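Let me begin by presenting the structure, written as structure tokens, before commenting on it.
See below:
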């Protein structure tokens, strides 16, 4: 069964970001530097989570990872998240429950790097990049649940979206 949660969050993120002037002329086929810039912003959010004193304090940054990945998915393929459910999407046989905080963050960096490599090396990059974004959202969501069980990931994402709604035009990590 398809769960509308991810699509609803992605649609809201895209609406807010468009109102703030972000991604209005997104065209990664014409501008090959554009998508790497968006992926760099995801890397920076993972890095900010890494610099938090404790995993529990990093939950906001993981929420930012999710918001940026959902928005990028919408930019790449509007409506992509409508076909995604809340079930976790896995690559291989990874079991993050057995991994620690360091490995979890390293995996988020790896997924983001894999998305970039697919974009750089494949003519048909969209399915692979969207898959990595989906897995990235799933794993960040799972990490938020594991390391801050008293705060639901959706609550954190809604707080981020509410804050983004109040930001000035083109405020934030994006310059375009």
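In the working numbering, the protein residues as written are -2 to 173.
Just so it is clear, CB atoms sit at the ideal spot from N, CA and C, and this is done for glycine as well.
If you're wondering where the values come from, they're calculated on a predicted model, not measured in any experiment.
- Taking a contact to require three or more Cβ pairs closer than 8 Å, the segment 156 to 168 and the segment 1 to 16 qualify as touching.
- In this structure, DSSP gives residue 71 a helical state, which the three-state scheme calls helix.
- About 14 Å separates the beta carbon of residue 23 from that of residue 67, a gap too long to meet the 8 Å contact definition.
- Residue 148 carries a coil assignment under DSSP once its states are collapsed to helix, strand and coil.
- Under the DSSP assignment, residue 41 falls in the alpha helix (DSSP H) whose first and last residues are 31 to 48.
- Straight-line spacing of the CA atoms in residue 122 and residue 115 works out to 6 Å.
- A distance below 7 Å between beta-carbons, with the five flanking residues on each side excluded, links residue 127 to the following residues of its chain, in chain order: 70, 73, 74, 77.
- The Cβ-Cβ distance between residue 64 and residue 158 falls below 8 Å.
- In this structure, residue 59 and residue 79 do not form a Cβ contact; the two beta carbons are roughly 23 Å apart against a cut-off of 8 Å.
- Note that the C-beta distance between residue 56 and residue 109 is not below 8 Å.
- By the CB criterion at 8 Å, residue 125 and residue 119 fall inside the cutoff.
- About 4 Å separates the Cβ atoms of residue 32 and residue 25, confirming a contact at the 8 Å cut-off.
- Boundaries of the alpha helix (DSSP H) harbouring residue 9: 2 to 16, taken from the DSSP string.
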